[in-house]
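Asks: I am attaching a structure below and will ask some questions about it afterwards.
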Amino acid sequence: MNQTDNNRENPFTLGPLQMGPACCDPQPVIQVENLSLQYDGKTALDNVTLDIYRGCITALIGPSGCGKTSFLSAINRLTDLIPECKVQGCIRVDGRNIYEPTHNVQALRRQIGMVFQKPTPFPLSIRRNITLPLREHGITQRTQVETITEQVLSDVGLWDEVCDRLDTAALSLSGGQQQRLCIARALALNPQILLMDEPCSALDPIASGVVEDLICRLRGRYTIVIVTHNLAQARRIANYAAFFWVKERAGQLVEFGRCQHIFESPTHELTAAYVNGARG
Amino acid sequence: MFQSVQNDALTCWVLRAGAVISALVMLLILAFLLIESWPVLDQITPARFFTDTSWHPIEGTYNLTPMLSGTLLASMGALLLAIPLGITSALFIVFYAPTHLALPYKRMIELLAGIPSVVFGFWGLTTLVPLINQLHPPGASLLAAILVLTLMILPTITLTTYSALKAVPSEFLHNAAALGLSRWGMIHGIAFPAARSGIVAGVILAAGRAIGETMAVLMVAGNVVQHPEGLFDPIRTLAANIALEMAYAMGDHRAVLFVSGLLLMLLVMVLSAMASKIGKNQYA
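Residue numbers (the numbering used here), protein chains in the order written: chain Y, 52 to 331; chain L, 14 to 297.
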């Protein structure tokens with residue numbers, strides 16, 4: 052099974068991806084204003100203000116424990132699952148404050164897909180991993196479900212590898228394939244935004260490369276926010292980068308800007324020290 | 014270095030000894046049952062336990078089917094009530110109850126599991142049977158047996174289902190939430206399939222307990238050897254039959270009681286074989 056991942060010359064059979072607006076015309080889709088986040092009264096993230104631009108890849112970088120993952124899970128309100136977590140401030144997605152009590156969380160999470168660090172296919176068949184969320188969101192027509200399944204599996208370059216065993220266990224796939232299945236599962240709901248929490252860090256270098264290429268190909272069609280500890284990767288794939296740092300045990304946003312700017316001519320000396328490997 | 018290798022070997026032998034002893038106990042009991050029931054099994058064909066006219070062991074007629082039907086009906090009735098109740102209360106604890114309620118509720122269920130069966134029987138005899146008697150005499154009945162058994166196996170099902178659901182990795186639940194699944198969508202789509210083998214194991218354990226339960230059933234079931242025609246008819250179970258007659262049974266009669274013990278074991282064996290079939294999640 053690992054062989055298929057490693058030995059193919061071109062692992063992709065990508066479907067046609069429509070390009071979104073170019074990144075040279077930044078148009079904010081997520082506006083974060085004065086976001087603070089507390090776990091049990093302890094501040095994990097302090098007063099972050101940041102715009103995420105449509106169709107671009109925004110990388111969140113910084114040392115462990117600086118609140119990158121907390122920031123990410125505040126965007127799709129996954130923080131709701133943690134009872135002792137308190138969120139203050141405002142996040143607007145397409146201009147609407149998602150923390151308004153009337154905001155439909157399920158619809159929000161359909162609009163914003165998420166891929167986690169550890170590949171987590173459900174203990175179901177490959178097919179059911181994709182159809183289960185579809186059905187939950189009311190897409191039940193058989194032909195439509197099948198079309199979407201094939202489309203998203205093709206988009207992540209998995210269709211050729213699994214099309215003859217869609218009804219076998221998703222957990223029998225290799226790590227890289229599992230992560231691509233998780234991405235396909237998120238794409239099936241046709242989100243606008245993809246949140247990725249270190250999607251490559253649990254994978255071997257080759258599978259990681261495959262997933263990284265995939266993320267690049269998703270640029271334009273989706274707005275991607277990716278947490279990564281791999282600075283080289285952030286530099287390769289991101290249009291924008293946000294650098295977080297821990298001050299007095301609370302995560303803070305130090306600098307945000309174009310990727311080139313953050314990596315080549317950062318304004319803040321902490322950023323310079325971190326991206327050059329002197330700190331962090 | 015040498016010390017740790019020695020320790021390792023010692024541990025290995027202790028574990029082996031434990032495993033062998035457990036297996037041996039099981040085999041010895043089976044052998045004992047077979048030896049004790051052999052005098053009858055040798056003389057009469059097993060079909061007679063199902064085709065004889067009645068259960069009059071002294072006169073040499075050994076029809077076990079009334080007891081078999083009593084056992085099966087009481088156990089299945091109890092399972093029918095306890096499975097939905099047990100699974101829903103486990104779901105309540107794991108997914109719905111606020112923390113300050115979940116823990117006391119679970120403690121209460123654990124307490125229910127700890128009540129001795131004779132206490133259940135006593136309560137059934139003094140409270141439940143008179144109540145059913147008002148509804149439809151005689152009171153001591155299949156229904157009473159079902160209700161008492163339900164209470165006895167409910168905590169088993171609740172607690173095993175609880176553990177199985179708790180063991181579902183939180184990553185699954187976070188992923189499900191991130192995909193916008195509702196709480197119920199997550200429960201029936203992911204938590205149940207992931208916890209399936211644990212839940213089935215719990216149900217089988219409960220079924221085994223219901224089939225073998227003697228004291229409580231004996232106290233409330235009426236113990237008339239007959240095929241019940243309704244919920245209000247008294248029944249006698251295989252286990253109760255052994256307990257009732259072993260004190261004075263001799264010769265072939267005694268051997269037939271051992272045959273009914275064998276039959277009980279067979280039932281449980283069939284159940285656990287079924288468990289490994291149903292309980293397997295082919296995708297895990």
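Just so you know, even glycine gets a beta-carbon here, dropped at the ideal spot from N, CA and C.
Around the Cβ of Y:His-319, are there at least 16 other Cβ atoms within 10 angstroms (buried) or fewer (exposed)?
Replies: Working through the first sequence from its first residue, we reach residue 319 of chain Y at position 268. Flag for Y:His-319 reads exposed.
Asks: Got a sec: is the Cβ-Cβ distance from Y:Phe-167 to anything in chain L below 8 Å?
Replies: Position 116 of the first sequence, counted from the start, is the residue given in the question as residue 167 of chain Y. Yes, because at least one Cβ of chain L sits closer than 8 Å to the Cβ of Y:Phe-167.
Asks: So for Y:Lys-137, helix, strand or coil by DSSP?
Replies: In the first sequence, counting from the first residue as 1, residue 137 of chain Y sits at position 86. The answer is strand: DSSP assigns Y:Lys-137 an E or B state.
Asks: Note down the Cα distance separating L:His-149 from L:Pro-247, rounded to an integer number of angstroms.
Replies: Residue mapping note: residue 149 of chain L aligns to position 136 of the second sequence, counting from 1. Residue mapping note: residue 247 of chain L aligns to position 234 of the second sequence, counting from 1. So the alpha carbons of these two residues sit roughly 12 Å apart.
Asks: Please state the DSSP three-state secondary structure of Y:Pro-172.
Replies: Mapped onto the first sequence, residue 172 of chain Y falls at position 121. Three-state result, Y:Pro-172: coil.
Asks: Sort L:Ala-286, L:Met-282, L:Thr-74 by Cα distance to L:Met-39 and report the nearest one.
Replies: The residue given as residue 39 of chain L occupies position 26 in the second sequence. Looking at the Cα atoms, L:Met-282 is the closest of the given residues.
Asks: Using the three-state DSSP reduction, which class does Y:Glu-197 fall into: helix, strand or coil?
Replies: Here residue 197 of chain Y is taken as the residue at index 146 of the first sequence, counted from 1. Residue state, collapsed to three classes: helix.
Asks: Check the Cβ of Y:Leu-220 against every Cβ in chain L and list those closer than 9 Å, keeping chain order.
Replies: In the first sequence, counting from the first residue as 1, residue 220 of chain Y sits at position 169. Note that residue 220 of chain Y is Ala in the sequence shown, not Leu. Those within 9 Å of Y:Ala-220 in chain L are Asn-294, Gln-295, Tyr-296, Ala-297.
Asks: Cα separation between L:Leu-116 and Y:Gly-113?
Replies: Residue 116 of chain L sits at position 103 when you count from the first residue of the second sequence. Residue 113 of chain Y sits at position 62 when you count from the first residue of the first sequence. So the two alpha carbons sit approximately 39 Å from each other.
Asks: To the nearest angstrom, report how far apart L:Val-33 and L:Phe-63 are at their CA atoms.
Replies: Numbered from its first residue, the second sequence carries residue 33 of chain L at position 20. Numbered from its first residue, the second sequence carries residue 63 of chain L at position 50. C-alpha separation (whole angstroms): 36 Å.
Asks: Give a yes or no on whether the C-beta atoms belonging to Y:Val-278 and Y:Leu-129 are separated by under 8 Å.
Replies: The residue given as residue 278 of chain Y occupies position 227 in the first sequence. The residue given as residue 129 of chain Y occupies position 78 in the first sequence. Not a contact, by the Cβ cut-off of 8 Å.
Asks: Any residues in the region 163 to 192 of chain Y with a beta carbon nearer than 7 Å to a beta carbon of chain L? Which ones, in chain order?
Replies: Residues Met-165, Phe-167, Lys-169, Thr-171, Phe-173, Pro-174, Leu-175, Ser-176, Leu-183, Pro-184, Glu-187, His-188.
Asks: By the criterion of Cβ-Cβ separation under 8 Å, what are the contact partners of Y:Asn-127 in chain L?
Replies: Locating residue 127 of chain Y in the first sequence gives position 76, counting from the first residue. Correct list: Ala-191.
Asks: Can you name, in chain order, every residue of its own chain whose Cβ lies under 7 Å from the Cβ of L:Val-213, other than the five neighbours on each side?
Replies: In the second sequence, counting from the first residue as 1, residue 213 of chain L sits at position 200. Excluding sequence neighbours, L:Val-213 sits near Ala-288, Ile-291, Gly-292.
Asks: Shorter than 8 Å from the beta carbon of L:Gly-202 to some beta carbon of chain Y?
Replies: In the second sequence, the residue the question calls residue 202 of chain L occupies position 189. With 8 Å as the cut-off, L:Gly-202 counts as an interface residue toward chain Y.
Asks: Under 8 Å, Cβ to Cβ, is there at least one residue of chain L near Y:Arg-231?
Replies: Within the first sequence, numbered from 1, the residue matching residue 231 of chain Y stands at position 180. Closer than 8 Å: no.
Asks: So what does Y:Arg-143 bridge to, in DSSP terms?
Replies: The residue labelled residue 143 of chain Y in the question sits at position 92 within the first sequence. Bridge partners of Y:Arg-143: Y:Gln-82, Y:Asn-148.
Asks: Any beta carbon of chain Y sitting closer than 8 Å to that of L:Ile-291?
Replies: Sequence index remark: in the second sequence, residue 291 of chain L carries index 278 (1-based). It does not: the Cβ of L:Ile-291 has no partner Cβ on chain Y nearer than 8 Å.
Asks: With a threshold of 8 Å on Cβ separation, who are the neighbours of L:Thr-84 within its own chain once the five nearest residues in sequence on each side are excluded?
Replies: Position 71 of the second sequence holds residue 84 of chain L. Once the five neighbours on either side are set aside, the close Cβ partners of L:Thr-84 are Ile-224, Thr-250, Leu-251, Ala-252, Leu-277, Leu-280.
Asks: Taking 7 Å as the limit between beta carbons, can you name the residues of its chain near L:Gly-99, skipping five residues before and five after?
Replies: Residue numbering aside, residue 99 of chain L sits at position 86 when the second sequence is read from its first letter. If we look at L:Gly-99 and ignore the five residues flanking it on each side, its Cβ neighbours are Leu-167, Ile-170, Thr-171, Thr-174.
Asks: So does the region 151 to 161 of chain L actually touch the region 129 to 140 of chain L, counting three or more Cβ pairs closer than 8 Å?
Replies: Contact between the region 151 to 161 of chain L and the region 129 to 140 of chain L is present, because at least three Cβ pairs lie under 8 Å.
Asks: Here's the rule I'm using: 16 or more other beta-carbon atoms within 10 Å means buried, otherwise exposed. How should L:Glu-309 be labelled?
Replies: The structure shown does not extend to residue 309 of chain L, since chain L is modelled only from 14 through 297, so no value can be given for it.
Asks: Note down the Cα distance separating Y:Thr-55 from Y:Ala-220, rounded to an integer number of angstroms.
Replies: Residue numbering aside, residue 55 of chain Y sits at position 4 when the first sequence is read from its first letter. Residue numbering aside, residue 220 of chain Y sits at position 169 when the first sequence is read from its first letter. The predicted position of Y:Thr-55 is uncertain, since its pLDDT is 42 and thus under 50; no value can be drawn from it.
Asks: Rounded to whole angstroms, what's the CA-CA distance from L:Leu-92 to Y:Pro-184? Just pull it up for me.
Replies: Taking the second sequence and counting its residues from 1, the one referred to as residue 92 of chain L is at position 79. Taking the first sequence and counting its residues from 1, the one referred to as residue 184 of chain Y is at position 133. Approximately 32 Å, taken between the alpha carbons.
Asks: Taking all protein chains shown into account, do 16 or more other C-beta atoms lie within 10 angstroms of the C-beta of Y:Arg-330, making it buried, or fewer, making it exposed?
Replies: On the first sequence, residue 330 of chain Y is found 279 positions in, with the first residue counted as 1. Exposed.
Asks: Taking the alpha-carbon positions, what's the L:Pro-79 to L:Val-238 distance?
Replies: Your numbering for residue 79 of chain L matches position 66 in the second sequence. Your numbering for residue 238 of chain L matches position 225 in the second sequence. The straight-line gap from Cα to Cα measures roughly 6 Å.
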